[in-house]
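**Q** Let me begin by handing over the structure; questions about it come next.
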Amino acid sequence: IKTCWVMTNGDIGSENQCVGVAEALGLTPVSKKLKLRTPWKQVNPWLRFLQQHALSPAGDQIAPPWPDVPALTQDWVQKGRAVVILTRSPQARQDGVVEAAWDGFHLGEWVQHLDGAEAVINLTGKNINCPHTPENVRALIASRVNSVQAIGAAVDHVKSPPRVWVQASAVGFYGDTGDQARDETSAGGNNTLAKICQDWENAFAATSTPRTRRVKLRIGFVLGAGSGALPVLASLTRFFLGGAVGNGRQ
9 IKTCWVMTNG
19 DIGSENQCVG
29 VAEALGLTPV
39 SKKLKLRTPW
49 KQVNPWLRFL
59 QQHALSPAGD
69 QIAPPWPDVP
79 ALTQDWVQKG
89 RAVVILTRSP
99 QARQDGVVEA
109 AWDGFHLGEW
119 VQHLDGAEAV
129 INLTGKNINC
139 PHTPENVRAL
149 IASRVNSVQA
159 IGAAVDHVKS
169 PPRVWVQASA
179 VGFYGDTGDQ
189 ARDETSAGGN
199 NTLAKICQDW
209 ENAFAATSTP
219 RTRRVKLRIG
229 FVLGAGSGAL
239 PVLASLTRFF
249 LGGAVGNGRQ
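Numbers in my numbering are just positions in the sequence shown, counted from 1, shifted up by 8.
What follows is the structure, given as structure tokens:
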């Protein structure tokens, strides 16, 4: 490869990512700022096509690193457990699973499903696979914080609350730590994703559920055959945008 052009929006994060890709490929990165002769509105449809087909096949509300929810559901059903999924678009199912409507913000009829439940597991959060504009960052935080507060209110409302509440967070809490080890006692990072995770966890810590044990999961990069980050990475590779990650020893 002699020359590889990568178009970004000019922000430092995008340029740093491009530098990392170039170094991983053994190339020398050179930054050049160009003026587009084609109006951005005419370029944008092509970028949207690439984003829809290569970058964001997982939908708008489940972030790529999250566990394979259908696989979890299937496992629990096979073990004879009753499963209720809270979703914005509930549908009738034939596998015994109940889907109940909720908006991730307000209390509603879905609260009844928490009464007497063994556990509630909250994986809700807007997909982080989007441009981290101020508007999107606010949406990323709101989708997480609002759902935590709604479930906290529901747990406090029901007569027989769940015995355990498993709440998702992410290893993004630590920020970019390089090769330094981190554990549960380590401080949070300072970048955007770290701040999002910290707001997320602070909302969880602020809930009062004296009869419900609370478990916080800082989830790492999940690779599933049909979900998580792997389909996204596979799509990028099909567009000839794949490459080595690190030296293979990380």
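The beta carbon of each residue, even a glycine, is placed where N, CA and C say it ideally should be.
#1: Does DSSP put A62 in a helix, a strand or coil?
#2: Quick check on K43: does DSSP put it in helix, strand or coil?
#3: Using a Cβ-Cβ cutoff of less than 7 Å, which residues in the same chain neighbour R171 once the five nearest sequence positions on both sides are dropped?
#4: Determine which residues share a DSSP beta bridge with W173 and list them.
#5: Taking the CB atoms as reference points, tell me whether E209 and S243 lie closer together than 8 Å.
#6: Give me the DSSP bridge partner(s) of G236.
#7: With a cut-off of 8 Å on the beta carbons, I'd call T132 and G112 a contact; round off their distance for me.
#8: Starting from T95, trace the beta strand (DSSP E) both ways and give me its first and last residue.
#9: State buried or exposed for S216, treating a residue as buried only when at least 16 other CB atoms are found within 10 Å of its CB.
#10: Go through its chain and collect everything with a Cβ distance to G104's Cβ below 8 Å, but skip five positions before and after it.
#11: Only counting the same chain, and skipping five residues up and downstream in sequence, which positions put a Cβ closer than 8 Å to that of V106?
#12: Please identify the residue among Q157, E143, I136, A108 whose C-alpha is closest to the C-alpha of G180.
#13: Since A79 and G232 are thought to touch, with beta carbons under 8 Å apart, how far apart are those beta carbons, to the nearest angstrom?
#14: If we count the other Cβ atoms within 10 Å of its Cβ and call it buried at 16 or more, is Q175 buried or exposed?
#15: Rounding to the nearest angstrom, what Cα-Cα distance links F248 and V240 in this structure?
#16: Using CA coordinates, which residue listed in W118, Q82, D191 is at the minimum distance from T95?
#17: Could you give the distance in angstroms between the alpha-carbon of A237 and the alpha-carbon of G228?
#18: Look up E117 in the DSSP assignment and say whether it is helix, strand or coil.
#19: K167 and D123 - do their beta-carbons sit closer together than 8 Å?
**A** With the given structure in hand:
#1: Because the pLDDT at A62 is just 32, under 50, the model does not fix this residue reliably, and the value given afterwards should be weighed accordingly. A62: helix per DSSP, three-state reduction.
#2: With a pLDDT of 49 at K43, under the threshold of 50, the modelled position of this residue cannot be trusted, and the question is left open.
#3: E126, A127, T220, R221
#4: V128, R222
#5: no
#6: L231
#7: 5 Å
#8: 92-95
#9: exposed
#10: V85, A90, V91
#11: A90, V91, V92, I93, H121
#12: I136
#13: 7 Å
#14: buried
#15: 13 Å
#16: W118
#17: 11 Å
#18: helix
#19: yes
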